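Novice: One structure is given below, represented as structure tokens, and several questions about it will come after.
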Amino acid sequence: MTKQQKANITAAIGTLLFMSLVVAMLLLITIGVPREEEEEGIEVAFGNAEEGGGYQQDPAAEAASMPSAAPAPSAAAPSNNDLMTQEEEETLALQRQREKDAKRKADAEAERLRKQKEAQEEAERIAKEQAAAAQKAKEQAAIDKANAMGSLFGNNNSGATGSGDSQGDGHKGNPIGHGSQGGTSWSLAGRGIKALPAPEKTFDQAGKVVVNIQVDGEGNVISATVGTGTTVSDYNTQQLAIAAAKKAKFSKSDTKVQMGTITYTFKFN
């Protein structure tokens, strides 16, 4: 074999090996690449089944093929949490009701005590008023008695004229307990008179005004009001008598407050 022949054989073998290697590489690459799946088409029938060539399904079969309605879920049994919540709500409702009942009882008791206190205070007030009225009646009775005794000794105001205008000394020796002066008489147990001013002459009605007075320990008149036995209804005339009574002055006494009367006779000349 010649050298030329050997070279040709060697070249053919190398070419064959190279081609085999290329084929093997192509096979490996082809196997490693994933194939894409072809999308299948959807058959759509236009028009009715007969004209469109579609398949007309039997209504009965179609109804049978449709899925049946799912049955209604059964009521779930209450869980332990639901039962505990219900018990807690019932407990809270009972607690609220007990609180309401307790508050209602407390309010009723407070109202009862309030009414009881008001009734007690009213009873005490009435008792005080009755005691004051009894004391006043007692003092008035003593005054009336003193006036009656004064009239027995000729110290009443009968025969007095004018509006109580006094002239000269009418104290008659400054008698104790009661006396008269220029148409005005007074009565105050255990006291003597020091000053007995006459009322002003601007009165509008004739008659008699009895003034109840309260005298302190210094002999000052601290209160004067129209009393029982007054025959003058004219307000202005009554006020003239009250103003004159407040100016009267009596002797001192250890008694802090003492009650008496001053009687003014108003007469037109």
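So the number in our numbering is just where the residue sits in the sequence shown, counting from 1, plus 945.
Where is the CB? At the ideal position from N, CA and C, for every residue including glycine.
Being a predicted model, the structure only gives us computed values, none of them experimental.
(1) Taking the C-alpha atoms as reference points, what is the distance between Y1180 and R1049?
(2) Could you tell me the alpha carbon to alpha carbon distance between S1132 and Q1203, rounded to whole angstroms?
(3) Sorted by chain position, which residues of the same chain lie with C-beta nearer than 7 Å to F1213's C-beta, five sequence neighbours on each side aside?
(4) Would you mind sorting S1130 into buried or exposed? The rule is 16 or more other CB atoms within 10 Å of its CB.
(5) Hey, K1192 and V1160: beta-carbon distance below 9 Å or not?
(6) Mapping the DSSP letters down to three states, classify T1210 as helix, strand or coil.
(7) Look at the alpha carbon of K1197 and the alpha carbon of T1147, and state the distance between them as a whole number of angstroms.
(8) Beta-carbon within less than 6 Å of I1121's beta-carbon, same chain only, minus the 5 sequence neighbours each way: which residues are those?
(9) Just verifying my parser: in three-state terms, what is the DSSP assignment at G1164?
(10) Report all residues from its chain with a CB closer than 7 Å to the CB of G1135; omit the five preceding and five following residues, and keep chain order.
(11) Would you call the CB atoms of K1153 and T1208 closer than 9 Å?
(12) V1155 to V1171, Cα distance in whole Å?
(13) DSSP three-state label for Q1150, please.
(14) Could you give the distance in angstroms between the alpha-carbon of A1140 and the alpha-carbon of A1188?
(15) Less than 9 Å between the C-beta atoms of K1194 and G1174, yes or no?
(16) Run through DSSP, which three-state label would V1155 get?
(17) Could you have a look at T1182 and say whether DSSP puts it in helix, strand or coil?
(18) Using the rule of at least 16 other Cβ atoms within 10 Å of the residue's Cβ for burial, across every protein chain shown, is A1190 buried or exposed?
(19) Tell me G1127's beta-bridge partners as DSSP assigns them.
(20) According to DSSP, is G1205 helix, strand or coil?
(21) I'd like to check one pair, G1124 with N1157: are the Cβ atoms closer than 9 Å?
(22) How would you call T960, buried or exposed, if buried means at least 16 neighbouring beta carbons within 10 angstroms?
Specialist: This is what the structure gives:
(1) Taking the straight line joining both Cα atoms gives about 57 Å.
(2) One alpha carbon belongs to S1132, the other to Q1203, and they sit about 11 Å apart.
(3) Correct list, in chain order: A1151.
(4) So S1130 counts as buried.
(5) Judged by beta-carbon spacing, V1160 lies beyond the 9 Å limit of K1192, meaning their Cβ atoms are not closer than that value.
(6) Strand, per DSSP.
(7) Using only the alpha carbons, I get a separation of about 32 Å.
(8) So the list reads G1137, once near-sequence residues are dropped.
(9) In the structure shown, G1164 sits in coil (DSSP, three-state: anything other than H, G, I, E or B).
(10) Answer for G1135: I1121, G1122, S1198, listed in chain order.
(11) Yes, the Cβ-Cβ distance between K1153 and T1208 is below 9 Å.
(12) So the alpha carbons of these two residues sit roughly 6 Å apart.
(13) In the three-state reduction of the DSSP assignment, Q1150 falls in the coil class, being assigned neither a helical nor a strand state.
(14) It is roughly 14 Å from the alpha-carbon of A1140 to the alpha-carbon of A1188.
(15) Against a cut-off of 9 Å, the Cβ pair of G1174 and K1194 comes out as no contact.
(16) Under the three-state reduction of DSSP output, V1155 falls in the strand class.
(17) DSSP, read as helix, strand or coil, puts T1182 in helix.
(18) Counting Cβ neighbours within 10 Å, A1190 comes out buried, since at least 16 surround it.
(19) Bridge partners of G1127: none, in fact.
(20) Looking at G1205 - three-state DSSP - the assignment turns out to be strand.
(21) Taking the C-beta atoms as reference points, G1124 is found no nearer than 9 Å to N1157.
(22) Looking at its Cβ environment, which holds fewer than 16 other Cβ atoms inside 10 Å, T960 is exposed.
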